[in-house]
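Numbering (the working numbering), first residue to last: 969 to 1113. In this text, a Cβ means the ideal position worked out from N, Cα and C, and glycines have one as well. Working notes, beginning with the structure itself.
So, in structure tokens, the structure goes:
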């Protein structure tokens, strides 16, 4: 309840950075309790709280990955692909970005979003991916032709 009160306060005052920080803590709390659905709802609240032309969430990358994977597991592959790409843009220098590119590209292919898939697989290739991801990237690029 305290986090939600702070979130509402920061949203009303336009302090989106602090609002984002409180949402990140709330999402982490849900995930620590194993409540992926609660985390997803909180994430949706975060996205909705930003002004429409300034949606710029920032989360702990591992938490964000869990949300993306949960979207994918729940059959929301289009949404998963979009969120993987949003994660990649926000966390460009993190080592987990290669994994996010591959999983996002695969989700985009499942959603029949070939343009996004190609962008994500090409990004993964440019990051000098570990051997474990190279075959998945090659398969994704081949499926995209």
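Let me check understanding here. Comparing Cα to Cα, which of the options lies closest to residue i?
i: residue 1093; options: 1080, 1072, 1082, 1066; result: 1066
i: residue 1025; options: 1051, 1044, 1074; result: 1051
i: residue 1110; options: 1099, 1082, 1031; result: 1082
i: residue 1037; options: 1020, 1070, 1015; result: 1070
i: residue 1102; options: 1012, 1019, 1073; result: 1073
i: residue 1084; options: 1058, 1064, 1112; result: 1112
i: residue 1018; options: 980, 1046, 1053; result: 980
i: residue 1044; options: 1027, 971, 1080, 1013; result: 1080
Roughly how many angstroms lie between the CA atoms of residue i and residue j, to the nearest whole one?
i: residue 991; j: residue 1076; result: 26 Å
i: residue 1042; j: residue 1006; result: 14 Å
i: residue 1091; j: residue 989; result: 28 Å
i: residue 1029; j: residue 1060; result: 10 Å
i: residue 1062; j: residue 1105; result: 18 Å
i: residue 987; j: residue 998; result: 17 Å
i: residue 1078; j: residue 1098; result: 23 Å
i: residue 1145; j: residue 1096; result: Residue 1145 lies beyond the stretch modelled for the chain, which goes from 969 to 1113, so this question has no answer here.
i: residue 1088; j: residue 971; result: 34 Å
Since residue i contacts residue j with CB under 8 Å, what's their CB separation in whole angstroms?
i: residue 1068; j: residue 1086; result: That belief does not hold up - the Cβ atoms of residue 1068 and residue 1086 are roughly 16 Å apart, past 8 Å.
i: residue 1031; j: residue 996; result: 6 Å
i: residue 1034; j: residue 1057; result: Between residue 1057 and residue 1034 the Cβ distance is about 18 Å, and since that is not below 8 Å, they are no contact.
Which word fits residue i, buried or exposed, when buried means at least 16 other C-beta atoms lie within 10 angstroms of its C-beta?
i: residue 977; result: exposed
i: residue 1023; result: exposed
i: residue 1002; result: exposed
i: residue 994; result: buried
i: residue 985; result: exposed
i: residue 1040; result: buried
i: residue 1108; result: buried
i: residue 1010; result: buried
With DSSP as the reference, label residue i as helix, strand or coil.
i: residue 1095; result: coil
i: residue 1013; result: helix
i: residue 1069; result: helix
i: residue 1089; result: helix
i: residue 983; result: coil
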